[in-house]
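In case it helps, mature numbering (1 follows the signal peptide of the UniProt record, and there is no 0) puts the sequence shown at residues -17 to -1, 1 to 279.
Ideal Cβ placement from N, Cα and C applies to all residues, glycine included.
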Amino acid sequence: MWWVSVTMLVLAVTVSGKTKEKVCDKGWECSNSKYCCNDTITDFFQVYQFENLFAKRNSPVAHAVGFWNYQAFITAAALFEPLGFGTTGGKQMQMKEVAAFFGHVGSKTSCGFGVATGGPLAWGLCYNREMSPSQSYCDPNYLYPCTPGVDYYGRGALPVYWNYNYGIIGDGIKVDLLNHPEYLEQNATLAFQAAIWRWMTPMKKKQPSAHDVFVGNWKPTKNDTLSKRLPGFGATMNVLYGDLICGKGFPDEMNNIISHYQYYLDLMGVGRQFSGDNLDCAEQEPFNPSSKSASS
Ligand SMILES: *[C@@H]1O[C@H](CO)[C@@H](O)[C@H](O)[C@H]1NC(C)=O
Ligand SMILES: *[C@@H]1O[C@H](CO)[C@@H](O)[C@H](O)[C@H]1NC(C)=O
Ligand SMILES: *[C@@H]1O[C@H](CO)[C@@H](O)[C@H](O)[C@H]1NC(C)=O
């Protein structure tokens, strides 16, 4: 049909237009990408800000004292800045994306102590592993069989659970996590790398990543709109956790992630008034209705 070839022509022009786009080089942190033409993360997120966000992580009662640090985050982030992590959409969006990523991380690694100890929001990066796993998280899997004697309990910055998730993410970051899941509780750079890889990578082909739904790369289809899936922070929770927390009103776990995101927006000087539309996923149908997801 005539309109098919017209559509293809437009696509071809767009593609060749893209290949001619200007790329920039900012050295070790970002090079050879259009995203490197904007500020990089170290331009707007410095060590004192990391310390502000995670001030309590080395308190005696924390469970990963001495583990998490700014350098590890930046080293891991540098692998993804040329792909748009923290480098998309201009300064405010860039800062918001870092706050959003840490909103998830802070909530998932929080010790959640109470008001007397600075409030639960002050306790991000308090854990780097699940402390009392109730099981070994081994599920028979042809591609990613469990290694004998190895447990696949939650580890990392966006905790990874189950053998097959260690397998997929290990493939993604080119580290043998299936045989060595312990790397994620021994090496903070790898812990952040695995988390940012998950943030940047769609769970399934033709689906958006958390990054895509947050920075505005993703345009919802009619089906998405009918399912109340719209761009924004809410959809990042949908991508990462699906029906574990989305589409069920306002469970504490969802509110907690949102609170961390907004707390970090304030601390970074962006301000929670710029949280963006579609902040929650209370009414969203999950992208991937699931029994077990990468995060439980
Ligand atoms: C770089 O920042 C500008 C705004 O300062 C923004 O319009 C542009 O989209 C950004 N570039 C990329 C590749 O995101
Ligand atoms: C942690 O992992 C990174 C990335 O693979 C590696 O470069 C670094 O040497 C590791 N650090 C330690 C202390 O093993
Ligand atoms: C739209 O959503 C319905 C119900 O969720 C689903 O069965 C159908 O396959 C979807 N259509 C497309 C094109 O994704």
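Distance CB(residue i)-CB(residue j) smaller than 7 Å
{"i": "D159", "j": "G215", "result": "no"}
{"i": "S210", "j": "E268", "result": "yes"}
{"i": "F233", "j": "T219", "result": "no"}
{"i": "residue 288", "j": "A59", "result": "A question about residue 288 goes unanswered here, because the residues of the chain that appear run from -17 up to 279."}
{"i": "L173", "j": "L167", "result": "yes"}
{"i": "E34", "j": "K17", "result": "no"}
{"i": "A105", "j": "K39", "result": "yes"}
{"i": "L141", "j": "K91", "result": "yes"}
{"i": "F37", "j": "M183", "result": "no"}
{"i": "I156", "j": "Q176", "result": "yes"}
{"i": "A82", "j": "M251", "result": "yes"}
{"i": "C20", "j": "C13", "result": "no"}
{"i": "residue 338", "j": "V253", "result": "The displayed coordinates of the chain run from -17 to 279. Any statement about residue 338 would go beyond what the structure contains."}
{"i": "K9", "j": "T25", "result": "no"}
Beta-bridge pairing of residue i - partner residues as DSSP gives them
{"i": "A16", "result": "Note on residue identity: the sequence assigns Ser, not Ala, to residue 16. According to DSSP, S16 bridges with C7."}
{"i": "R138", "result": "R112, V143"}
DSSP three-state assignment for residue i, whether helix, strand or coil
{"i": "A171", "result": "helix"}
{"i": "K187", "result": "coil"}
{"i": "P103", "result": "helix"}
{"i": "D159", "result": "coil"}
{"i": "E34", "result": "helix"}
{"i": "E266", "result": "coil"}
{"i": "P272", "result": "coil"}
{"i": "I57", "result": "helix"}
{"i": "G259", "result": "coil"}
{"i": "Y125", "result": "coil"}
{"i": "P65", "result": "helix"}
{"i": "G89", "result": "helix"}
{"i": "G120", "result": "The question names Gly, yet the displayed sequence has Tyr at residue 120. In this structure, Y120 counts as coil in the three-state DSSP scheme."}
{"i": "I228", "result": "coil"}
{"i": "D154", "result": "helix"}
{"i": "H46", "result": "coil"}
{"i": "T233", "result": "In the sequence as presented, Thr is not what sits at residue 233; that position holds Phe. Residue state, collapsed to three classes: coil."}
{"i": "A(-6)", "result": "Confidence at A(-6) is low in this model, with a pLDDT of 36, below 50, so its placement is unreliable and no value can be given for it."}
{"i": "D22", "result": "coil"}
{"i": "M220", "result": "helix"}
{"i": "W201", "result": "coil"}
Inter-residue CB distance, residue i and residue j (contact presumed, cutoff 8 Å)
{"i": "G95", "j": "L108", "result": "12 Å between Cβ atoms; not a contact."}
{"i": "Y120", "j": "Y136", "result": "6 Å"}
{"i": "M186", "j": "V222", "result": "7 Å"}
{"i": "D263", "j": "I241", "result": "6 Å"}
{"i": "H243", "j": "G67", "result": "The pair is not a contact, with the Cβ atoms about 22 Å apart (cut-off 8 Å)."}
{"i": "R138", "j": "P164", "result": "6 Å"}
{"i": "N124", "j": "Y149", "result": "10 Å between Cβ atoms; not a contact."}
{"i": "R212", "j": "F270", "result": "7 Å"}
Quick test of the definition: if touching needs 3 or more C-beta pairs under 8 Å, does the region 18 to 36 touch the region 49 to 57? Enough Cβ pairs lie closer than 8 Å, so yes.
Kindly confirm or deny that the region 119 to 134 and the region 65 to 78 touch, where touching means at least three C-beta pairs closer than 8 Å. Counting Cβ pairs under 8 Å, fewer than three are found: no touch.
Could you say if the region 186 to 195 and the region 234 to 254 meet the contact criterion of at least three C-beta pairs nearer than 8 Å? With contact defined as three or more Cβ pairs closer than 8 Å, the region 186 to 195 and the region 234 to 254 are not in contact.
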